[in-house]
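The structure appears right after this line, and notes come after that.
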Amino acid sequence: MIPYGRQDINQQDINAVIEVLKSDFLTQGPQVPAFEQSIIDACDAKYAVAVNSATSALHIACLALRLSNDDWLWTTPNTFVASANCALYCGAKVDFVDIDPRTYNLCAKQLEKKLIAAQKVGKLPKIVIPVHFSGQSCDMQAIHDLAKKYGFKIIEDASHAIGGQYKGEPIGNSRYSDITVFSFHPVKIVTTAEGGMAVTNNAKLAEQLNLLRSHGITRDEELMTKAADGPWYYQQIELGYNYRMTELQAALGLSQMQRLEEFVIKRNELASRYDNLLHDLPIILPWQHPDSYSARHLYVIRLQLEQINTTHLDVFNALRAAGIQANLHYIPVHMQPYYQMMGFASGQFPEAEKYYKEAISIPLFSAMTEGQQDTVCSTLRTILSKES
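Each residue of the sequence shown is one higher than the one before, counting from 362 in our numbering.
Okay, here's the thing in structure tokens:
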């Protein structure tokens with residue numbers, strides 16, 4: 362089976378983890394701050410806070426921005442459920458903004474229309490979460506301009522996008538947002554097995570994120586309500602969580618970060634090769650905005666169903682049957698039963714729903730060989746030629 366994505370682990374990564382296993386610290390040691398610094402350096406940011414998942418990072422990012430009961434958070438329907446669930450964890454309400462038909466990202470024009478309508482009824486969002494789908498940045502300058510006009514905060518969900526760029530600058534520098542979140546799940550660009558990171562340029566937000574990831578506890582006397590009783594002393598000053606990253610995860614991540622540029626270059630080379638090999642098939646290939654240099658987490662094709670005599674499901678099943686682990690990113694969040702119980706319904710976000718009926722993620726990962734890629738392409742060509 363050719364997987365749609367997988368980790369790329371070398372001996373250097375293995376040695377880094379073994380070193381930690383032999384050390385004095387398995388948690389709360391020097392590897393986590395070193396990994397955080399590697400992200401700061403790569404993103405040209407000021408602060409980074411490592412946590413045990415990107416979902417945890419989204420949660421504490423919302424809390425740090427004081428999202429709470431009766432507030433609204435808006436995001437895209439074309440994402441994993443965590444981008445919306447983080448609002449519910451805070452007691453807030455969720456709504457969605459339809460996607461751009463070319464990038465599949467949250468559409469800035471649709472966002473503006475929705476903001477104009479929401480302002481009239483007093484239901485403007487407190488936070489908007491644009492998701493950099495497949496590693497390509499959203500139109501962050503336009504979204505940032507709307508944030509200044511309508512007063513909302515921005516969390517960039519860059520779970521797919523570390524190593525990518527927007528307007529020639531690294532995604533994660535938070536030029537256009539309050540906080541950026543990364544994921545280090547095994548199929549992402551770099552991995553810590555499980556793990557996430559919240560990045561910001563705001564010192565106060567970084568302080569809050571640090572508190573919230575570790576029970577709301579501090580040993581910083583400047584944050585305490587009274588002088589410390591002794592060197593053992595700490596205070597809980599917030600209601601926080603146990604969202605810490607381990608030293609093992611951080612060591613793996615720190616080692617992986619040394620190959621970040623290599624990973625992204627290879628993914629872009631493979632994506633360009635797909636473009637050349639598949640251009641004449643009855644599919645829509647991923648479009649790249651000229652402002653974006655994508656990290657290429659995913660390679661998503663869209664079937665031109667009117668040109669082929671088969672169904673979306675049949676093509677998907679045929680790929681799987683041929684040993685190609687195709688996938689689908691994503692089922693629109695508003696179509697999930699949990700969200701439909703809140704009142705969301707099919708038909709509300711037509712671009713996301715149309716995309717879902719046509720999209721298939723085909724394999725793309727940095728260790729993929731040209732032979733594996735040739736197999737994917739020839740199999741897809743055979744399936745579609747039979748059905749055209």
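All C-beta atoms, glycine included, are put in the ideal place defined by N, C-alpha and C.
Computed from a predicted structure; not experimentally measured.
- Three or more Cβ pairs drawn from the region 564–583 and the region 594–608 lie within less than 8 Å of each other, which places the two stretches in contact.
- Assignment of beta-bridge partners to ASP518 by DSSP yields VAL492 and VAL542.
- With a 10 Å radius around the Cβ and a threshold of 16 neighbouring Cβ atoms, ILE744 comes out buried.
- In this structure, DSSP gives PRO486 a state outside helix and strand, which the three-state scheme calls coil.
- Contact between the region 715–723 and the region 389–404 is not established, with fewer than three Cβ pairs separated by less than 8 Å.
- TYR527 carries a strand assignment under DSSP once its states are collapsed to helix, strand and coil.
- Taking all protein chains shown into account, TYR700 has 16 or more neighbouring C-beta atoms within 10 Å of its C-beta and is therefore buried.
- Straight-line spacing of the CA atoms in GLN617 and PHE543 works out to 14 Å.
- Your pair PRO438 and VAL694 checks out as a contact, with CB atoms roughly 5 Å apart and the cut at 8 Å.
- Check the Cα spacing between TYR654 and each of GLN497, GLY708 and LYS565: the tightest is with GLN497.
- Taken in chain order, the complete beta strand (DSSP E) segments of 3 residues or longer contained in the region 615–681 are 660–664.
- Scanning its chain for C-beta atoms nearer than 7 Å, with the 5 sequence neighbours on each side dropped, one finds around CYS451 the residues CYS423, LEU424, LEU428 and SER429, in chain order.
- In this model, LEU631 and LEU639 are separated by some 12 Å (Cα to Cα).
- Taking 8 Å as the cut-off, the beta carbon of HIS521 is found closer than this to the beta carbon of LEU659.
- In this structure VAL458 is not in contact with LEU449, their Cβ atoms being roughly 17 Å apart against a cut-off of 8 Å.
- Here ILE363 is bridged, per DSSP, to ILE685.
- Scanning its chain for C-beta atoms nearer than 7 Å, with the 5 sequence neighbours on each side dropped, one finds around VAL551 the residues ILE523, PHE545, GLY614, GLN617, MET618, LEU621 and PHE624, in chain order.
- Here MET585 is not bridged, per DSSP, to any residue.
- In terms of Cβ geometry, GLN686 and TYR365 form a close pair [threshold 8 Å].
- Short of 6 Å from the beta carbon of THR388, and not among the five residues preceding or following it, lie these beta carbons of its own chain, in chain order: THR607 and GLU608.
- ALA611 and ILE375 have their C-alpha atoms roughly 12 Å apart.
- A buried status is given to LYS475, since no fewer than 16 other beta-carbon atoms sit within 10 Å of its beta-carbon.
- At the C-beta level, ILE692 and ARG663 stay beyond 8 Å of one another.
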